[in-house]
Structures are given as structure tokens and as C-alpha cells.
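What follows is one structure encoded as C-alpha cells, with my remarks underneath.
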Amino acid sequence: MNSNLYIVGTIHTDLLGPQRLEKFLESVQPAHVLAEAHENRLKLYEEELKKDRETKVYTIIDRIYHDYGILMKDEQMENLQLIYNRFLESYNFEYSASKKYTEENKVNFTLMDLPVINSIHDGNFMNELLLSENSEKNDKKAIKTVLDVLGKNPELFVQYINQETQERYETSITECSKINSRINLLRKIRKWVPRFFLADWADKIDVILNICDPRRDQYMAQCIRTVFEAEKPKTVAVCGLYHMYRLEDLLQDLHPTTTPLNRAEELTQTLPHL
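Following the numbering used here, the numbering of the sequence shown begins with 3 at its first residue and continues without gaps.
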């Protein structure tokens, strides 16, 4: 375990992510921070968020209405706005929190990702293909929870999201293994099944394969290696959990210290030099 090289794995929708990451960086005090981001990707996501603000079709509304035909009640709309604002606060925190720390402490900051080849991905489609064999059942249960809680208190819904996020952190190794096997299946489908038969699925599958392209992990690994081997400064790389497990293998000769973000504070307490 290298106490000068840390790879922190995140869940991109972690509402506690900004505070967790800022606290970890302040504890470790790295001389160089790398974040899973690319200027091209940042621009696309900013455009997506701007479109959401303009049209008022927020993520949760869109999911509930288009998947289940359930319109939010008028008295719930204000609560939904509050919840969406919380999501905006944590949006892309791997980049924003890292950039904030490096600017305030005048340390080096590097983006470590490849550009987007395809458009913004369909998160619902990804979950359906990659994560849950019972996605429809799970989604209906989640939607009922959303509707029940929104009518009472938006902060209860935030607590619900935080609990779900914690569970995703704890089951990440199993989930990443499941994702890997399904990605391999998707690669075979795209290679052998004519695009005509896949219809509109082809584009969505291509987006997923781009997001999960192993070249991204190889590029991230090279960025980390280049930075760390140059002067061996104390280095922190921040990326999604899926990438963290891959980077741990690709950089095993450097013996990086890896940790899911939800356990980062616990890690710093076990390292006497911090």
C-alpha cells in the first residue's frame, strides 16, 4: 500500500460526495490531484443541465412520468425542485471539488479521461442492461417510495437517496463484476448482430460501450503513472468506482492505496502520518 498514491472511487450521484471528497483532500493534502473528466465531457454535461433548467423537465419528473405515466401532484413540485437543487450541488463533484481544492491550495490539477464519442447516455437504459435483472420491479418500488416521501418532506427523500448510495458503495465489487460480464455480452451482440435488427438499441449500446471502453481506464492509468513517476508527489486520483477497481489492477506495480469515497475518512484515521 503506497501512502503517496491514492485512488478514490466514487458514485457519481453521491449527494454527500462533495463534502466527503473535500474532507479527504484536506486530510491527505496531496501535491497533485487527478479527476475523471475531460473538457469535451464537461461541456456536454453542462449543456444537458442547461437544457433541463430551461425545459423544467427534471430527472425525477422525467423518470416517473415517461416510465409510468405518473404526474407529480402540484403540492409536490416545490419539493421536487428542492431535491433537484441538491442533485445540482453534487453534480460532477469529482471534478468540481478537486478543482476547488487545487485552486485554493495552489497544487497541480489534471483531467484524466478521454472525450465523449457519443451523446449523453440514457441512464435508465444503462441500469436496465447492466445492473438489475429485476429493474422494472425495483424501479416501481423506488417510484412508490418517491411519491410517498415527496408528499411529506423532501429531506426524507434525500435520506432515502443517501441510504441507496451507501448500499451501492457496499455492493460495488459485486456490481462491477456483474457489469463486466454484461459489457462483454454487449460487445458480442454489437459485433455479430446486424445494426438493422438492433434498431434504436444500437446507438444506446454504442454509448454504453464507449462509457465502459477499457481505453478510458488505460488512459487514466497512464495519466496517473506519468504524474506519479515524474517526482513521486503525494497524488490523489478521483474516479468512479468501476474505474477504481480497473486502475487498481493496471497500476498494481505502484501499489496504490484504493478506497471507496464513503470509507475515505475511515482510511485517513488509520494512517498515522496524516
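Note that the Cβ used here is the ideal one computed from N, Cα and C, for glycine as well.
Identity of the residue in the options nearest residue i by Cα
| i | options | result |
| --- | --- | --- |
| Lys-45 | Ser-5, Lys-108, Gln-31, Tyr-97 | Tyr-97 |
| Leu-27 | Leu-158, Glu-91, Phe-95 | Phe-95 |
| His-40 | Glu-48, Ala-33, His-34 | Glu-48 |
| Pro-32 | Glu-106, Gln-21, Leu-17, Arg-88 | Glu-106 |
| Cys-214 | Pro-235, Ile-226, Thr-237, Arg-248 | Arg-248 |
| Asn-264 | Lys-190, Gln-224, Glu-169 | Glu-169 |
| Lys-25 | Asp-255, Val-238, Gln-254 | Val-238 |
| Ser-100 | Tyr-171, Thr-12, Thr-167, Arg-88 | Thr-12 |
| His-14 | Glu-166, Phe-230, Asp-255, Gly-242 | Gly-242 |
| Lys-102 | Ile-226, Ile-163, Gln-21, Asn-42 | Gln-21 |
Expected contact under 8 Å - CB spacing of residue i and residue j to nearest Å
| i | j | result |
| --- | --- | --- |
| Val-240 | Leu-36 | 7 Å |
| Thr-259 | Leu-7 | 7 Å |
| Lys-236 | Val-30 | 7 Å |
| Asn-110 | His-34 | 4 Å |
Where residue i falls, given that 16 or more other Cβ within 10 Å makes a residue buried
| i | result |
| --- | --- |
| Glu-38 | buried |
| Thr-104 | buried |
| Thr-228 | exposed |
| Arg-217 | exposed |
| Ser-5 | exposed |
| Gly-19 | buried |
| Thr-173 | exposed |
CB of residue i within 7 Å of CB of residue j, strictly
| i | j | result |
| --- | --- | --- |
| Thr-261 | Leu-269 | yes |
| Ser-92 | Leu-23 | no |
| Asp-219 | His-245 | yes |
| Tyr-221 | Leu-116 | yes |
| Val-10 | Ala-232 | no |
| Leu-90 | Pro-156 | no |
Residue i at chain B interface by Cβ criterion, 7 Å
| i | result |
| --- | --- |
| Ala-37 | In the displayed structure, chain B is absent; only one protein chain is listed. |
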